[in-house]
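Numbering (my numbering), first residue to last: 4 to 350. Glycine residues also receive a C-beta, built at the ideal position from the N, C-alpha and C atoms. Since the model is a prediction, treat every value here as computed from it, not as a measurement.
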Amino acid sequence: MQVIDLRSDTVTQPTPAMRVAMAEAPVGDDVYGEDPTVNQLQEMAATMLGKEAALFVSSGTMGNLAAILAHCGRGDEVILGNLAHTFLYEAGGISALGGVHSCQLMNQPDGTLRLEDIEKVIRPDDAHDPITRLITLENTQNRCGGAAISVEYTQVVGDLAKAHDLQLHIDGARIFNAAAALEVPARALVEPADSVTFCLSKGLCAPVGSVLCGSAEFIHKAHRIRKQLGGGMRQAGILAAAGIVALEEMVARIGEDHARAQKLAAGLAENPGLQIDLEAVKSNMVYGAVDASTGLTMSAVVAKLDELGVKVGATGERSFRLVTHYWVDDQAVETTIRAFAEVMPKG
Ligand SMILES: *Cc1c(COP(=O)(O)O)cnc(C)c1O
4 MQVIDLRSDT
14 VTQPTPAMRV
24 AMAEAPVGDD
34 VYGEDPTVNQ
44 LQEMAATMLG
54 KEAALFVSSG
64 TMGNLAAILA
74 HCGRGDEVIL
84 GNLAHTFLYE
94 AGGISALGGV
104 HSCQLMNQPD
114 GTLRLEDIEK
124 VIRPDDAHDP
134 ITRLITLENT
144 QNRCGGAAIS
154 VEYTQVVGDL
164 AKAHDLQLHI
174 DGARIFNAAA
184 ALEVPARALV
194 EPADSVTFCL
204 SKGLCAPVGS
214 VLCGSAEFIH
224 KAHRIRKQLG
234 GGMRQAGILA
244 AAGIVALEEM
254 VARIGEDHAR
264 AQKLAAGLAE
274 NPGLQIDLEA
284 VKSNMVYGAV
294 DASTGLTMSA
304 VVAKLDELGV
314 KVGATGERSF
324 RLVTHYWVDD
334 QAVETTIRAF
344 AEVMPKG
């Protein structure tokens, strides 16, 4: 049975082209800066995102951590969303390892932070207060349905940051999804930011890795922090080679995943046992819930779908998230819609 895995785009297997590129990649010791494939990936990434320099890191978590530690000293404060990945899912690394204080603002349903909320929490120069140093945004915003944050909004936040002498970091784990959803180049979405992290290992299908981009001076600093974190890798070109294929071949097709998320959501919305907000589907994610009238909990639904070869992620007692990606084709979308129909109680 061909398993359809919709739990996340992190489950994506490398493509055949990636495996070939990995096998054939010229490599060297990247801690000496001598891995030509890592260097090539970093140059490509910096160019694509319109930044001076880039740093290959083992994960998105390490990219965000190195970035925030490069921007903030101990006791400094970062303003971020209460639904930000960095706040929820990065094991508190910024405070555990960097002593960075966080100020959480409510993420709006469209993934943004209200400008007046940001302005209100920027600290005065007062010995009682931590020093506000950084604002971070997440694009796409995972927990807000994969919402894409616009160029215009990002620019306004960038202007606000500049006016208050703050830095702006973008957790762009899925920045190319945002770019496809908004039909703008990724570099336009990060132009106002001092730094950005994006993941190669999600919708772009690479097996490992993320890239942090910013000014040459910033990347120089982040490079030392990556070493402190134990993230200096040696013949990492084996991994970077897949990242190059990801940028060359996978970025341009990522919109297909969004079209399939729309089809999947539309099909599931026809199911009377499910609640799907079609308006909320903005990129490659479909968030939904099982109606209480079905008497089914999500864990029961997950188990039954699993038997039918469809893996989905529960996000609560009755709620779920489905993520489309390269390995989910049109037929997989149809099969998933049918599997949900089979699992729901009949009339
Ligand atoms: C996945 C993700 C990360 C972290 O990436 P890992 O490679 O899993 O550490 C950071 N931010 C967002 C928004 C993510 O979705």
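For residue i, the three-state DSSP class (helix, strand or coil)
i: asparagine 145; result: helix
i: glutamate 273; result: coil
i: leucine 281; result: helix
i: histidine 328; result: coil
i: arginine 321; result: coil
i: glutamine 334; result: helix
i: glutamine 107; result: strand
i: aspartate 32; result: coil
i: serine 302; result: helix
i: isoleucine 138; result: strand
i: leucine 207; result: coil
i: glycine 316; result: strand
i: leucine 118; result: helix
i: aspartate 132; result: coil
Whole-angstrom C-beta distance between residue j and residue i, which should lie under 8 Å
i: glycine 246; j: glycine 212; result: 5 Å
i: proline 195; j: glycine 161; result: 3 Å
i: histidine 223; j: asparagine 287; result: Their Cβ separation, rounded to whole angstroms, is 34 Å, which puts histidine 223 and asparagine 287 out of contact at 8 Å.
i: valine 154; j: alanine 191; result: 5 Å
i: serine 105; j: glutamate 80; result: 7 Å
i: glycine 149; j: lysine 285; result: 5 Å
i: glycine 66; j: valine 60; result: 5 Å
Buried or exposed by the 16-neighbour rule on C-beta atoms within 10 Å, applied to residue i
i: lysine 205; result: buried
i: proline 17; result: buried
i: glutamine 231; result: exposed
i: glutamate 63; result: Checking the sequence shown, residue 63 turns out to be glycine, not glutamate. Buried is the call here.
i: glycine 276; result: buried
i: methionine 51; result: buried
i: alanine 295; result: exposed
i: arginine 324; result: buried
i: glutamine 5; result: exposed
Close Cβ partners of residue i (< 6 Å) along its chain, the five nearest in sequence each way excluded
i: isoleucine 97; result: Ile71 and Val103
i: alanine 335; result: Ile7
i: histidine 167; result: Ile125
i: leucine 250; result: Met47
Span of the beta strand (DSSP E), counted from its first residue to its last, around residue i
i: methionine 4; result: Note, methionine 4: premise wrong, no beta strand (DSSP E); not H, not E.
i: glycine 217; result: 213-217
i: valine 60; result: 56-60
i: methionine 288; result: 288-293
i: aspartate 174; result: 170-174
i: leucine 242; result: Where leucine 242 is concerned, there is no enclosing beta strand (DSSP E), although the alpha helix (DSSP H) it sits in stretches over 240-248.
i: isoleucine 82; result: 80-84
i: serine 198; result: 198-202
Cut-off 7 Å between Cβ atoms - residues of its own chain near residue i, not counting five sequence neighbours on either side
i: threonine 115; result: Ile152 and Tyr156
i: alanine 189; result: Met51, Leu52, Ile178, Phe179 and Ala182
Boundaries (first-last residue) of the alpha helix (DSSP H) holding residue i
i: valine 193; result: 189-193
i: glycine 234; result: No alpha helix (DSSP H) holds glycine 234; DSSP gives it neither H nor E.
i: leucine 72; result: 63-74
i: glutamine 43; result: 39-51
i: proline 353; result: Residue numbering for the chain in the displayed model covers 4 to 350; residue 353 lies beyond these limits and cannot be assessed.
i: glutamate 93; result: That residue, glutamate 93, is in no alpha helix (DSSP H); it is neither H nor E in DSSP.
i: lysine 349; result: Lysine 349 -> no alpha helix (DSSP H), and no H or E assigned at all.
Same chain, Cβ closer than 8 Å to residue i, neighbours up to 5 away in sequence not counted
i: arginine 227; result: none
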